[in-house]
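Take 15 as the starting number for the sequence shown in our numbering and just add one per residue. All C-beta atoms, glycine included, are put in the ideal place defined by N, C-alpha and C. Written below as structure tokens is the structure these notes are about.
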Amino acid sequence: MSAEPSNSLSGQAASFGGVADRYERARPGYPGDAVSWLVGPPPRRVLDLAAGTGKLTRSLIAAGHEVVAVDPSEDMLAQLRAALPDVEARLGTAESIPLDDRSVDVVVVAQAFHWFDAPPALRDIARVLRPAGRLGLVWNDRDETAAWVAALSQVIGSEDAVQDPEPPAEIAQSGLFEPAESAEFRLEQRLDRATLLDLVASRSYVAVRTPEERAGILAEVDRIFDAYAGHGDDAADPTLVLPYLTRCYRATRR
Ligand SMILES: C[S@@+](CC[C@H](N)C(=O)[O-])C[C@H]1O[C@@H](n2cnc3c(N)ncnc32)[C@H](O)[C@@H]1O
């Protein structure tokens with residue numbers, strides 16, 4: 015069962031549930047310094063909104079925060095509950111958050127704010143934040159300056175590649191937050207063939223394709239792995255390194 019995201023992207027936004035196991039195996043986490051910048055010193059009560067399988071939740075717990083995780087996909091939350099059985103995990107959407115007014119110090123959204131219907135989501139985020147509470151947004155953008163990453167983008171598109179560094183305009187437009195601050199961090203992920211294929215298959219753009227289209231995309235990615243991996247010291251155990259720019263924004267509730 016899943017709560018229905020209430021925006022026009024709901025079909026694609028809802029596609030993650032069908033690839034939750036691949037998502038959990040292949041997606042990267044977030045740099046610790048990015049998490050500190052977003053949330054501040056522990057302990058805080060933090061809502062991980064659109065928590066998915068709990069990639070960011072793990073870092074929040076490791077940093078010493080108390081976390082409640084919310085996501086509309088029961089399949090994604092099942093992965094989170096398996097990895098983090100002690101974390102409070104609730105089914106819900108950003109536009110209708112299942113928490114009381116003024117009940118958290120920080121709301122963080124990793125890799126998901128673009129899926130929200132921003133005006134109602136920002137209103138509900140402001141509702142659950144305590145006075146002077148903080149909203150933090152983060153995205154891991156693929157860095158296409160590496161030749162193999164540029165080749166990958168030719169096949170899977172650039173929507174997850176490095177994006178406009180400006181904070182999402184809806185934050186200022188809402189009138190609910192002080193001006194957003196920005197910061198960037200770096201992250202690298204080493205991928206073997208199976209993990210690269212899982213990473214590509216876990217993208218919503220690929221998940222919504224027909225089985226035939228998906229198989230064609232994965233065959234192309236397989237060829238990229240053959241072309242670029244295993245020419246150096248790791249020839250016996252080939253891997254590729256995927257660089258990311260981790261884009262972060264934080265804004266204090268007025
Ligand atoms: C790319 S995943 C990110 C998951 C996790 N935050 C991470 O960093 O790995 C996007 C998540 O947004 C969730 N989602 C989509 N629409 C949503 C909405 N309207 N409200 C809350 N979550 C939503 C999906 O179910 C999915 O788990």
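Collapsing the DSSP output to three states places residue 57 in coil. Annotation for residue 209: the continuous alpha helix (DSSP H) segment containing it runs 207–215.
Counting only residues of its own chain and dropping the five nearest sequence neighbours on each side, residue 53 has a CB closer than 8 Å to the CB of 60, 74, 77, 79, 120, 122, 148 and 150. The C-beta of residue 47 has fewer than 16 other C-beta atoms within 10 Å across all chains shown, which makes the residue exposed. Only exposed fits residue 189, as fewer than 16 other CB atoms lie within 10 angstroms of its CB. When Cβ pairs closer than 8 Å are counted between the two stretches, the stretch 104–112 is seen to touch the stretch 137–145, the count reaching three or more.
DSSP places residue 80 within a strand segment (E or B) once states are collapsed to three.
Contact between the stretch 155–168 and the stretch 61–72 is not established, with fewer than three Cβ pairs separated by less than 8 Å.
The C-alpha of residue 179 lies about 9 Å from the C-alpha of residue 197. When the beta-carbon positions are compared, residue 36 and residue 212 come within less than 9 Å of each other. Between residue 263 and residue 161, the C-beta gap is not smaller than 9 Å, which leaves the two residues out of contact. The Cβ atoms of residue 142 and residue 174 lie no closer than 9 Å to each other. In this structure, residue 182 keeps its C-beta atom at 9 Å or more from the C-beta atom of residue 124. DSSP lists 152 as the beta-bridge partner residues of residue 124. Contact check for residue 127 against residue 87 fails: the beta carbons are separated by 9 Å or more. Placement of the Cβ of residue 171 at a distance of 8 Å or more from every heavy atom of ligand 1 is found. A residue is called buried once 16 or more other Cβ atoms fall within 10 Å of its Cβ, and residue 251, having fewer, is exposed. Here residue 218 has 26 and 29 as same chain residues with Cβ atoms under 6 Å from its own Cβ, once five neighbours each way along the sequence are excluded. Judged by beta-carbon spacing, residue 258 lies beyond the 9 Å limit of residue 95, meaning their Cβ atoms are not closer than that value.
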